[in-house]
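A short write-up of the structure that comes next.
Chains as they are written, first to last, in the working numbering: chain A, 1 to 449; chain B, 1 to 449.
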């Protein structure tokens with residue numbers, strides 16, 4: 001109780017409450033900390049009370065070392081083969097092992113620090129992380145990079161259960177959604193600040209998804225999961241949709257009513273050909289062909305506007321948080337492009353538009369900054385990726401802000417991917433309603449560096 | 001011999017030569033028609049002699065009907081299930097069957113027309129198309145859309161063996177690389193014009209690929225092929241690279257010398273995470289994760305310039321032919337983006353830059369047209385797709401023309417895809433040299449509509 005004894009000296013009244021451990025906290029606030037939450041919503045400053053969860057689930061990423069081990073084991077190769085193969089690929093076995101150990105040590109450090117504060121900790125591999133774990137925990141700690149953070153967040157439906165990301169390999173991953181990297185190895189400090197209330201709550205607005213019509217399969221598939229769970233995966237995709245429907249005789253009118261998916265998107269929804277067919281039907285080559293060669297066909301309606309046919313390399317719909325991620329890379333302009341546009345403008349008008357590097361850079365920066373918006377923003381930003389324009393397909397608006405986007409799939413083997421991590425089938429006849437709701441905010445922590 | 005008798009009346013001297021059928025043609029020109037070729041290179045006008053091959057291979061696409069049949073048969077479903085499933089997906093079984101029959105009838109029409117001219121015809125499914133077929137034929141006819149045309153062309157290494165595309169479903173596919181659609185149902189007319197020399201040869205410059213280093217597998221994989229050849233495919237990827245190397249004990253220094261791949265690219269080379277791992281090791285979910293979520297890491301050197309680290313959603317290197325295809329969609333700007341750039345420019349300079357629709361449209365068109373170049377152009381155009389810029393990765397030039405591009409893979413499970421149709425592994429330690437050579441032109445036919 002180092003952290004808390006320190007705190008007692010500083011702000012006894014508050015701290016006595018929050019440091020009584022989980023039972024007391026539960027009695028006073030309930031596991032969902034609603035009062036705390038409200039107190040913060042009313043003030044944009046730091047919380048009046050500190051925060052100390054009684055039960056914390058630590059969800060750990062799969063390291064590349066673990067990944068390579070699994071895949072080569074699957075291919076029937078020995079540890080020796082793995083070493084040779086990695087050497088061939090220019091990456092050293094010992095190097096991967098080192099990164100793996102760094103991650104493992106950081107996780108240990110975090111878990112120890114939590115237990116030292118009398119917090120009940122459960123360590124879960126990302127593959128084992130599910131709704132039960134979420135229900136059990138007062139707060140969930142993602143131990144990995146942004147990918148892990150996104151998956152962890154996607155399953156937390158309450159806006160009161162905090163999700164905190166710790167970057168367990170700061171040298172190698174950016175971890176924009178995680179705490180400042182110094183807390184990775186100084187986690188007790190982070191705990192103290194939480195206890196003292198020396199932090200800010202940040203509610204990140206997320207996206208919810210309704211699916212209706214045919215050609216869908218609401219069984220989510222974790223794209224990050226490893227080989228080990230391949231069987232469940234094929235099941236989710238092959239068996240569920242078809243055979244089981246034939247058994248239950250619901251092949252015709254299955255999933256006709258809109259259903260809210262049990263997942264929220266923190267970064268973006270991506271719709272496109274095609275991530276499931278290869279698994280569902282194992283037509284890999286055709287599949288790859290779809291992915292690389294064939295565009296996605298769909299109809300889109302923005303804010304209840306008219307339906308518009310589209311053909312493109314997919315469709316991205318992002319949050320403010322996601323506006324700095326993939327969506328940014330889809331939409332940002334290079335100085336080169338901006339310079340060429342200005343050159344053409346200058347040539348056509350004869351006006352004295354400057355083309356020096358400073359100016360081009362300034363225009364480029366302004367343009368690209370305009371693509372980023374606040375994590376709390378209640379609007380979504382949609383981008384039609386690499387639109388294909390021909391007689392049939394319009395490209396009136398390539399992107400823009402929206403409160404509601406409806407998409408009707410005309411794809412053969414498409415799916416909808418939430419935060420690059422979870423996939424849902426989304427084929428001909430399926431309709432997705434993508435929107436935002438006040439309740440879908442994600443509670444995260446902002447700590448000063 | 002209708003077509004040719006017509007011709008005799010018009011241009012006896014020439015026609016007697018070209019209409020003697022394959023044996024005579026071979027004697028005079030050889031199967032490669034070199035003299036003809038030269039005569040055309042010297043004149044940009046129509047050929048002095050007509051063209052009539054003795055042996056034509058007709059390579060047919062796989063229709064969606066055939067595809068759906070194969071995949072559902074693979075999933076153990078009956079014809080009845082297929083009908084129900086397609087209905088669920090909003091596409092009718094009879095509709096697919098109709099498209100399939102249209103294609104089949106057009107192929108029949110083409111084959112009959114050729115045989116009526118005494119031409120020796122071999123009809124081959126795209127899955128069966130290989131080097132032997134190419135060697136046998138004097139000319140190769142692709143019966144499908146652009147996808148089929150690209151695959152057919154990729155295996156023709158000689159610049160003297162003509163490849164002609166016929167669009168067998170004009171209502172549904174664009175077929176930019178095919179003859180004008182009216183010849184699909186009036187193929188004898190096309191033959192007459194060829195015979196009479198009423199056409200232009202168009203030599204389309206292609207890309208060649210050298211691979212060296214480790215982490216590669218020069219066994220090509222046809223991404224378009226169907227389920228039926230799945231076994232070969234897995235073999236190409238799983239067995240070849242590893243087990244066989246272990247058997248031969250070449251695991252260490254395999255593929256260290258540069259090897260020229262037996263394929264030419266008519267549209268583009270795309271390098272990126274990751275199209276082979278899912279097949280090689282069946283780690284679908286991780287794979288998808290790589291594809292969607294993880295960027296590609298590589299180093300690039302343009303025209304023997306310095307190596308530069310890159311991180312992006314892949315790298316595309318296209319020909320003049322390909323500059324109208326995927327590369328165009330990767331690079332083109334929407335009016336919306338151009339308008340915003342001009343707006344910012346206007347705001348920052350205070351200059352009276354017009355922002356009316358006509359002007360924005362004009363700038364946009366000029367910009368996008370500048371992305372397209374001639375099919376015969378000896379230069380390549382590279383595009384770094386959705387580059388990711390951070391402390392480590394520069395984005396100095398996002399795209400440009402080049403005579404030679406070298407790429408060093410830093411990917412985990414990447415591959416190099418030729419014309420969206422053929423895939424090669426391209427992982428850590430692999431180096432690709434991408435260039436153009438005079439010999440790699442593809443001989444195609446231009447017929448007026």
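Ideal placement from N, C-alpha and C gives every residue a C-beta, glycine not left out.
Checklist line | DSSP state of residue 198(B) mapped onto helix, strand, coil | finding: coil
Notebook entry, point to check: residue 428(A) lies in the beta strand (DSSP E); which residues open and close that run?
Noted result: Per DSSP, residue 428(A) belongs to no beta strand (DSSP E) and is neither H nor E.
Check: Terminal residues of the continuous beta strand (DSSP E) containing residue 124(B)?
Finding: 120-125
Check: Across which residues does DSSP place residue 299(A) in a beta bridge pair?
Finding: Answer is 309(A) and 408(A).
Item checked: Coarse secondary structure for residue 52(A), derived from DSSP in three states -> It is coil, neither helix nor strand.
Margin query: Measuring straight from C-alpha to C-alpha, what distance separates residue 65(B) and residue 82(B)?
Written below: The C-alpha of residue 65(B) lies about 10 Å from the C-alpha of residue 82(B).
Note to self: Looking at the secondary structure, which residues open and close the beta strand (DSSP E) in which residue 383(A) lies?
What the structure shows: 380-384
Note to self: What does the Cβ neighbour count give for residue 439(A), buried or exposed, with the cut at 16 atoms within 10 Å?
What the structure shows: exposed
Notebook entry, point to check: For residue 347(A), which of helix, strand or coil comes out of DSSP?
Noted result: helix
Note to self: Buried or exposed for residue 98(B), going by 16 or more other Cβ atoms inside 10 Å?
What the structure shows: Sixteen is the threshold: since fewer than 16 other Cβ atoms of the shown chains lie within 10 Å of the Cβ of residue 98(B), the residue is exposed.
Check: Per DSSP, what kind of secondary structure is residue 373(B) in: helix, strand or coil?
Finding: In the three-state scheme derived from DSSP, where H, G and I count as helix and E and B as strand, residue 373(B) is classed as coil.
Margin query: Spatial neighbours of residue 324(B) within its chain, please: C-beta separation below 6 Å, excluding the five flanking residues on both sides.
Written below: Annotation for residue 324(B): 372 place their beta carbon closer than 6 Å to its own, counting only its chain and skipping 5 residues before and after.
Item checked: Partners in chain B for residue 362(A), counting only beta-carbon separations shorter than 9 Å -> 344 and 348
Next item on the list: Compare the beta carbon distance of residue 383(A) and residue 327(A) with 7 Å and say whether it is the shorter of the two.
Entry: yes
Margin query: Do residue 164(B) and residue 319(B) have their beta-carbon atoms positioned less than 7 Å apart in this structure?
Written below: no
Item checked: Coil, strand or helix - residue 322(B) by DSSP -> Reduced to three states, the DSSP call for residue 322(B) is helix.
Next item on the list: Establish whether the CB of residue 403(B) and some CB of chain A are separated by less than 7 Å.
Entry: no
Check: Measuring CA to CA, which of 201(A), 160(A), 49(A) and 122(A) is closest to residue 375(A)?
Finding: 201(A)
Next item on the list: From the DSSP output, in three-state form, read off residue 445(A) for me.
Entry: DSSP places residue 445(A) within a strand segment (E or B) once states are collapsed to three.
Next item on the list: Put residue 76(B) into one of helix, strand or coil per three-state DSSP.
Entry: coil
Check: Run through DSSP, which three-state label would residue 59(A) get?
Finding: Residue 59(A) sits in a strand when the DSSP states are folded into three classes.
Check: List, in order along the chain, the chain B residues whose C-beta lies closer than 7 Å to that of residue 367(A)?
Finding: 340, 341 and 344
Next item on the list: For residue 68(A), count neighbouring C-beta atoms within 10 Å of its own C-beta (all shown protein chains included) and say buried if the count is 16 or more, exposed if not.
Entry: buried
Next item on the list: Closer than 8 Å by C-beta to residue 299(B): which residues in its own chain qualify, once you throw out the five before and the five after it? Chain order, please.
Entry: Result list for residue 299(B): 307, 308, 309, 310, 407, 408 and 410, in chain order.
Checklist line | Boundaries of the alpha helix (DSSP H) in which residue 108(A) is found, first to last residue | finding: 93-116
Margin query: Quick check: the stretch 100-111 of chain A against the stretch 182-201 of chain A, are at least 3 beta-carbon pairs closer than 8 Å?
Written below: Taking 8 Å as the limit for Cβ pairs, the verdict is that the stretch 100-111 of chain A does touch the stretch 182-201 of chain A.
Margin query: Quick check on this structure: which residue in 55(A), 53(A), 92(A) and 96(A) has the alpha carbon closest to the alpha carbon of residue 63(A)?
Written below: 96(A)
Next item on the list: Consider the Cβ of residue 267(B): report whether some Cβ of chain A lies at a distance smaller than 7 Å.
Entry: no
Check: Just how far apart, CA to CA, sit residue 314(B) and residue 332(B)?
Finding: 17 Å
Note to self: Buried or exposed, going by whether 16 or more other CB atoms sit within 10 Å of the CB of residue 430(B)?
What the structure shows: buried
Next item on the list: Measure the Cβ-Cβ separation of residue 442(A) and residue 153(A) and say whether it is below 7 Å.
Entry: yes
Check: Along chain A, in chain order, which residues have C-beta atoms closer than 7 Å to that of residue 167(B)?
Finding: Per Cβ cutoff of 7 Å: no residues; residue 167(B) is ~14 Å from chain A at best.
Note to self: Once DSSP output is grouped into helix, strand and coil, what is the label at residue 434(A)?
What the structure shows: Three-state DSSP puts residue 434(A) in a strand.
Notebook entry, point to check: So, using beta-carbon positions, are residue 205(B) and residue 436(B) closer together than 7 Å?
Noted result: yes
Item checked: Backbone secondary structure at residue 156(B) - three-state DSSP -> coil
Notebook entry, point to check: Considering residue 182(B), what are the terminal residues of the beta strand (DSSP E) in which it resides?
Noted result: No beta strand (DSSP E) contains residue 182(B), which is instead part of the alpha helix (DSSP H) from 182-185.
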